[in-house]
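Numbering (this note's numbering), first residue to last: 1030 to 1189.
(1) How is residue 1094 classed by DSSP in three states: helix, strand or coil?
(2) What are the boundary residues of the alpha helix (DSSP H) that residue 1141 is part of?
(3) May I ask you to report which of helix, strand or coil DSSP gives residue 1159?
(4) Would you kindly check if the distance between the Cβ of residue 1127 and the Cβ of residue 1101 is under 9 Å?
(5) Would you give the residue range spanned by the alpha helix (DSSP H) that residue 1148 belongs to?
(6) Between the beta-carbon of residue 1168 and the beta-carbon of residue 1136, is there less than 9 Å?
(7) Evaluate residue 1119 with the Cβ neighbour count: other Cβ atoms within 10 Å of its Cβ, from every protein chain shown; 16 or more gives buried, anything less gives exposed.
(8) In three-state DSSP terms, what is residue 1050?
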């Protein structure tokens, strides 16, 4: 790693911005890879989840296809595991079921959309995989303690 940093530093003065950007990406990827590699196996969390191939694949699927009607069946099939094994592995590593993780991820994305976009709650609901605004509002309130519109106003007030 030290040699990589020295090589990158030498190249900064003579290389194009694109080359410097690629060097930075490579260094970052290497740092993340080493961090994941050195995370103790008993440590629960997203990094530990990414170390487990099946759990990591499931996390990636949830992140990529959050707007789809994901089920434990479909996630287990994609991971190549039974529903029971996937659920147990996911719970052991992340402390929650795959479907709980999916729900939290959707709410995280919805909050980000409400905070940063001009979309109304209905379009946010459909964007993150809900079939009705009412179901989305209930889930959002359960997660954040406020309905989407009130949460958005509160978030806007905090940033001004």
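For glycine and all other residues, C-beta sits at the position ideal for the given N, C-alpha and C.
Keep in mind that this is a model prediction, so the values were computed, not measured.
So, to answer that:
(1) Counted from its first residue, the chain shown places residue 1094 at position 65. Note: residue 1094 maps to coil in three-state DSSP.
(2) Residue mapping note: residue 1141 aligns to position 112 of the chain shown, counting from 1. Secondary structure note for residue 1141: its alpha helix (DSSP H) is the uninterrupted segment 1127–1145.
(3) Along the chain shown, read from residue 1 onward, the residue named residue 1159 stands at position 130. Residue state, collapsed to three classes: coil.
(4) Looking up residue 1101 in the chain shown gives position 72. Looking up residue 1127 in the chain shown gives position 98. In this structure, residue 1127 lies closer than 9 Å to residue 1101 by Cβ.
(5) The residue you call residue 1148 lines up with position 119 of the chain shown. Segment: none, residue 1148 is in no alpha helix (DSSP H) and carries neither H nor E.
(6) Residue mapping note: residue 1168 aligns to position 139 of the chain shown, counting from 1. Residue mapping note: residue 1136 aligns to position 107 of the chain shown, counting from 1. Yes, the pair counts as a contact, with Cβ atoms nearer than the cut-off.
(7) The residue given as residue 1119 occupies position 90 in the chain shown. Buried, because 16 or more other Cβ atoms sit within 10 Å of the Cβ of residue 1119.
(8) By one-based count along the chain shown, residue 1050 stands at place 21. Residue 1050 falls in the helix class under three-state DSSP.
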